[in-house]
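FYI, the working numbering numbers position 247 of the sequence shown as 246, with every residue one higher than the one before it. Where a beta carbon is used, it is the ideal one built from N, C-alpha and C, also for glycine. Shown next, in structure tokens, is the structure this report addresses.
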Amino acid sequence: TLSMSEVWPRDPRRVHRDVVMAGLHYRMTFIDQLAESQVEVRSKSSPPVLKRRKQDENVLEILRDKKQLTLQVSKLEKRSQRLSSKSTSSNALISHRNHMFSAGSYGHPDICCRPCILFLHGHCKNAGHCGFCHVAHEEHMPTLDKHSREFLKDLPELSFMEMVLPYFRKRVENTEFPGAERILQLLESEMTIRDTTGIRVQRIPHKIRYVVERMSLGRLVSLVCSTLGRGKFPKLMSNELKALRQTAKTLTS
0 TLSMSEVWPR DPRRVHRDVV MAGLHYRMTF IDQLAESQVE VRSKSSPPVL
50 KRRKQDENVL EILRDKKQLT LQVSKLEKRS QRLSSKSTSS NALISHRNHM
100 FSAGSYGHPD ICCRPCILFL HGHCKNAGHC GFCHVAHEEH MPTLDKHSRE
150 FLKDLPELSF MEMVLPYFRK RVENTEFPGA ERILQLLESE MTIRDTTGIR
200 VQRIPHKIRY VVERMSLGRL VSLVCSTLGR GKFPKLMSNE LKALRQTAKT
250 LTS
């Protein structure tokens with residue numbers, strides 16, 4: 000059986016009309032033409048808004064760096080001002096201390112007296128007649144506590160002398176004042192005179208040796224005089240120290 004299209008060939012005009020009508024869509028009483036959907040292609044470059052944000056971040060970072068540099072410069076300026084003021088005050092204090100050189104400062108720092116606490120606070124009324132040292136000590140002078148002082152007093156006198164003898168030798172070798180060797184000779188002669196029979200070597204605590212090792216020659220003599228108490232030998236040691244300080248005073252003036 001033949002179809003109608005095979006029996007009656009189609010009119011070319013109708014074929015063209017069918018092709019045109021295929022692109023039309025009938026909706027109610029209106030005729031709309033279907034348009035091909037266009038796919039939006041995203042741009043490969045960054046949006047302008049993002050570029051502006053990146054620029055803003057760079058500007059903020061630069062401003063932050065400038066602020067930090069400004070703060071650092073201001074801190075350095077303040078620190079330099081403090082250092083300059085400290086150097087000026089230290090120079091003035093040094094000149095003041097040289098002007099206020101006391102009687103206890105002769106032989107500093109080996110055979111001088113103890114530091115004057117009143118002068119350190121700036122109100123020593125004795126001035127140059129003060130029996131304590133008015134010159135600043137570079138190192139902190141350690142002291143023995145009450146328990147350590149009592150321990151040394153309970154020791155046999157010869158054991159105590161044997162303990163301090165190496166420190167006397169070291170200080171006498173390092174001092175520059177003539178006559179310091181007489182103090183060492185006095186200590187050694189006293190040890191030879193005393194009877195060494197029955198003396199048992201005792202162990203000295205480390206903290207006591209630590210303090211005694213850092214004492215000056217004058218402090219060592221004072222320690223011997225205070226530990227051994229009253230007697231001929233402590234008085235001789237004290238007199239030798241006074242003579243040595245008088246020698247230092249003569250050399251200084």
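Check                                                                                                                                                                 : Outcome
Across the stretch 132–144 and the stretch 163–181, are there enough close Cβ pairs to call them in contact, namely three or more that are closer than 8 Å?           : no
Which residues in the same chain as Phe131 place their Cβ atom closer than 6 Å to its Cβ, once the five residues preceding and following it in sequence are excluded? : Gly103, Cys112, Arg113, Cys115
Does the Cβ-Cβ distance between Ile259 and Ala247 come in under 8 Å?                                                                                                  : Examination of residue 259 is not possible in this model, given that the chain is present from 0 through 252 alone.
State yes or no: is the C-beta of Arg168 within less than 8 Å of the C-beta of Leu151?                                                                                : no
Please give the ranges of any alpha helix (DSSP H) in the stretch 173–212, keeping only runs that are unbroken, at least 4 residues long and fully inside the region. : 180–192, 205–212
Is Cys224 helix, strand or coil by DSSP?                                                                                                                              : helix
If distances are taken between C-alpha atoms only, which option among Phe232, Lys77, Ser101 comes closest to Leu186?                                                  : Phe232
Could you check what DSSP says for Pro114 in three-state terms: helix, strand or coil?                                                                                : strand
How would you call Val19, buried or exposed, if buried means at least 16 neighbouring beta carbons within 10 angstroms?                                               : Any reading at Val19 is ruled out, since the residue's pLDDT is 48, under 50, leaving its predicted position unreliable.
Can you check which of these residues, Arg218, Lys66, Ser188, is closest to Ser237 by C-alpha distance?                                                               : Arg218
Just checking my contact of Met160 with Glu138 at CB under 8 Å: how many whole Å lie between their CB atoms?                                                          : Actually they do not touch by this definition, with Cβ atoms about 26 Å apart.
Are Glu106 and Arg244 closer than 8 Å when you measure CB to CB?                                                                                                      : Here the sequence assigns Gly to residue 106, which means Glu is not the residue at that position. Yes, they are a contact pair.
Compare the Cα-Cα distances from Ser252 to each of Arg78, Phe100, Ser158 and report the closest residue.                                                              : Phe100
Less than 8 Å separating the beta-carbons of Leu227 and Glu156?                                                                                                       : yes
Which same chain residues end up closer than 7 Å to Val223 when comparing Cβ atoms and leaving out the 5 residues on each side of it in sequence?                     : Val163, Pro233, Met236
Less than 6 Å between C-beta atoms, sequence neighbours within five positions excluded: which residues of the same chain meet that for Ser158?                        : Gln201
Near Gln230, what residues of its chain come up, given a Cβ to Cβ distance below 6 Å and the 5 sequence neighbours on each side ignored?                              : The residue asked about is misnamed: residue 230 is Gly in this sequence, not Gln. None.
Can you tell me where the alpha helix (DSSP H) holding Met236 begins and where it ends?                                                                               : 231–251
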